[in-house]
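In the numbering used here, the protein residues as written are 4 to 269.
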Ligand SMILES: Cc1cc2nc3c(=O)[nH]c(=O)nc-3n(C[C@H](O)[C@H](O)[C@H](O)COP(=O)(O)O)c2cc1C
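What follows is the structure in structure tokens.
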């Protein structure tokens with residue numbers, strides 16, 4: 004899989020053909036998700052839920068966001084510090100894998116918990132917060148996709164590079180040129196999907212260390228951050244830039260944005 008190309012190709016697909024996934028796709032996805040591990044020592048798993056697994060189709064509610072989808076991936080993780088970031092990191096790997104297979108996906112927080120929970124058994128400390136349809140994108144777009152989501156440019160556009168990333172200090176914008184070999188990994192952070200397309204991640208580049216910050220907002224700030232970290236690390240790996248994440252004790256403070264983690268080149 005070419006990570007950069009796949010990240011560039013991925014976008015939220017909300018209208019599907021109504022055709023269930025082929026057996027080949029089911030096998031490929033199950034193989035991939037069964038070997039995935041969440042980073043940072045967090046326990047998380049992904050389950051494929053199929054509307055037509057048996058003769059009687061099951062009901063999976065998505066409050067109208069998604070039309071024609073027959074198969075869904077559900078993200079389940081054990082509550083712990085950094086669990087949401089790590090679980091989201093892992094789920095985005097599955098999303099990109101499906102994108103690479105030519106399948107549509109859409110991170111979804113708005114879904115009927117009860118209808119999905121009926122299909123899975125949750126452990127005592129496990130949470131289900133996110134699902135994604137996975138399937139064949141339809142050429143025809145549903146009303147919601149056409150008039151509510153796609154027509155709203157704010158839902159698909161991204162903030163300029165210079166407003167998301169900073170050079171040595173928070174009062175200096177980072178240009179793509181000055182980002183040097185981190186330019187592409189940061190461009191991929193910029194393309195990360197986020198709830199309501201908020202894009203409230205910020206990165207401060209200091210020498211060979213990148214400090215990641217988020218604007219705290221209810222429910223999904225940690226999940227959005229996990230997706231961004233995934234895009235960053237997968238892209239670095241693809242480009243042969245080696246390094247690792249570490250939560251530092253000493254980091255530059257910011258009034259509006261909360262420090263999350265740093266990545267330092269090896
Ligand atoms: C945590 C999270 C929750 C989301 N929940 C929903 C949702 O409930 N309904 C929906 O239509 N899209 C949802 N999205 C998709 C975002 O709206 C979408 O990723 C964003 O607008 C950027 O568009 P793109 O994915 O096409 O790049 C969610 C995305 C994330 C990351």
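Backbone N, C-alpha and C define an ideal beta-carbon position, used for all residues, glycine too. Computed from a prediction, not measured in an experiment: that's the story for all the values here.
Compute the minimum distance between the beta carbon of residue i and the heavy atoms of ligand 1, and state whether it is under 8 Å.
i	result
residue 158	yes
residue 79	no
residue 233	no
residue 227	yes
residue 111	yes
residue 14	yes
residue 1	Because the chain is modelled from 4 through 269, residue 1 falls outside the range shown and cannot be assessed.
residue 196	yes
residue 86	no
residue 223	yes
residue 17	yes
Are the CB atoms of residue i and residue j nearer to each other than 9 Å?
i	j	result
residue 261	residue 217	yes
residue 118	residue 63	yes
residue 10	residue 68	no
residue 20	residue 238	no
residue 78	residue 56	no
residue 164	residue 207	no
residue 166	residue 176	yes
residue 76	residue 40	no
Going by DSSP, which residues form a beta bridge with residue i?
i	result
residue 53	74
residue 136	75
residue 66	Beta-bridge pairing links residue 66 to no other residue.
residue 170	208
residue 214	207 and 265
residue 19	140
Which whole-angstrom value describes the C-beta separation of residue i and residue j, a residue pair presumed to lie in contact below a C-beta threshold of 8 Å?
i	j	result
residue 112	residue 132	7 Å
Looking at chain D, is there any beta carbon in it that lies within less than 9 Å of the beta carbon of residue i?
i	result
residue 24	Of the protein chains in the structure, only one exists, and it is not chain D.
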